[in-house]
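Enquirer:
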Amino acid sequence: MFQQANFQQTNPFLQHVVNHGHSLITEVNKASSLCQEIVLNCDNIVAAINSGNPQNAVNLVQNIRNKASQVSQSTQFFNQAINERLDMSAYVLNTIQHKLNEISGAIQSLRGTTANYQMWQYGMQPSPWPSMPQQ
Numbered sequence: 181m182f183q184q185a186n187f188q189q190t191n192p193f194l195q196h197v198v199n200h201g202h203s204l205i206t207e208v209n210k211a212s213s214l215c216q217e218i219v220l221n222c223d224n225i226v227a228a229i230n231s232g233n234p235q236n237a238v239n240l241v242q243n244i245r246n247k248a249s250q251v252s253q254s255t256q257f258f259n260q261a262i263n264e265r266l267d268m269s270a271y272v273l274n275t276i277q278h279k280l281n282e283i284s285g286a287i288q289s290l291r292g293t294t295a296n297y298q299m300w301q302y303g304m305q306p307s308p309w310p311s312m313p314q315q
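Taking the working numbering, the leading residue of the sequence shown gets 181, the next gets one more, and so forth.
(1) Here's a check: name, in chain order, each residue in its chain whose Cβ is nearer than 6 Å to the Cβ of S249, leaving out the five neighbours to either side.
(2) Skipping 5 residues on each side, what residues in its chain have a beta carbon closer than 8 Å to that of T255?
(3) Work out the CA separation of F257 and S284 for me, nearest whole Å.
(4) Could you give the first and the last residue of the continuous alpha helix (DSSP H) run that contains S231?
(5) Are L204 and A261 close, meaning C-beta to C-beta below 8 Å?
(6) Once DSSP output is grouped into helix, strand and coil, what is the label at N191?
(7) Alpha carbon to alpha carbon, how far is Y271 from S252?
(8) Can the beta-carbon of I225 be found closer than 8 Å to that of K247?
(9) As a quick exercise: from T275, L273, M268, N259, pick the residue whose alpha carbon is nearest that of F193.
(10) In this structure, does DSSP put F182 in helix, strand or coil?
(11) Less than 8 Å between the C-beta atoms of I229 and A237, yes or no?
(12) By a C-beta neighbour count over all protein chains shown, 10 Å radius and 16 as the cutoff for buried, is N221 buried or exposed?
Set out below in structure tokens:
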């Protein structure tokens, strides 16, 4: 528990991810439980129909409808969370790509500077035409 509190203080971004993970797990467990109840109610509907109790079957159908609506809400929550994660991932990847491009440009610049320095150090003049041999 102490480590978790320390974790929360040192990295709020990761703590945010952990909190969302917990809420997703809660929603998954809720949806799973609701689906099990729907299956059980379907079995109960068959039993009610077979026993000649149509009113009980109608009540169970309404119960199933309510549970299906709750499962739908959980599914919407999952989709929203997944889309948020995809958006965050795209942002992070774009930022990484931008930084890599900056680093690549800096390395290219250093290569050019190093080549010019070596030519200056050895008394050579850089050719204005790189493919033309120096005289």
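Quick reminder that beta carbons are idealized off the backbone N, C-alpha and C, glycines included.
Expert: With the given structure in hand:
(1) Locating residue 249 in the sequence shown gives position 69, counting from the first residue. No residues qualify anywhere along the chain.
(2) Position 75 of the sequence shown, counting from 1, holds the residue named residue 255. Cβ within range, chain order: A211.
(3) The count along the sequence shown starts at 1 and reaches residue 284 at position 104. The count along the sequence shown starts at 1 and reaches residue 257 at position 77. Looking at the two C-alpha atoms, the distance is approximately 40 Å.
(4) Here residue 231 refers to the residue found at position 51 when the sequence shown is read from its first residue. Unbroken run through S231: none, as it is neither H nor E.
(5) One-based indexing of the sequence shown puts residue 204 at position 24. One-based indexing of the sequence shown puts residue 261 at position 81. In this structure, L204 places its C-beta atom within 8 Å of the C-beta atom of A261.
(6) Numbered from 1 along the sequence shown, position 11 holds the residue referred to as residue 191. Three-state result, N191: coil.
(7) Here residue 271 refers to the residue found at position 91 when the sequence shown is read from its first residue. Here residue 252 refers to the residue found at position 72 when the sequence shown is read from its first residue. Rounded to whole angstroms, Y271 to S252 spans 29 Å at the Cα level.
(8) What you label residue 225 is simply residue 45 of the sequence shown in a count that begins at 1. What you label residue 247 is simply residue 67 of the sequence shown in a count that begins at 1. Not in contact: I225 and K247 (Cβ atoms no closer than 8 Å).
(9) Position 13 of the sequence shown, counting from 1, holds the residue named residue 193. Among T275, L273, M268, N259, the Cα nearest to that of F193 is on M268.
(10) Sequence index remark: in the sequence shown, residue 182 carries index 2 (1-based). Below a pLDDT of 50, predicted positions are generally treated as unreliable, and F182, at 42, falls in that range; the measurement from the model is reported next regardless. Here F182 sits in helix by DSSP.
(11) For the purposes of this step, residue 229 is taken as the residue at position 49 of the sequence shown. For the purposes of this step, residue 237 is taken as the residue at position 57 of the sequence shown. Yes, these two residues count as a Cβ contact at 8 Å.
(12) Along the sequence shown, read from residue 1 onward, the residue named residue 221 stands at position 41. Buried, because 16 or more other Cβ atoms sit within 10 Å of the Cβ of N221.
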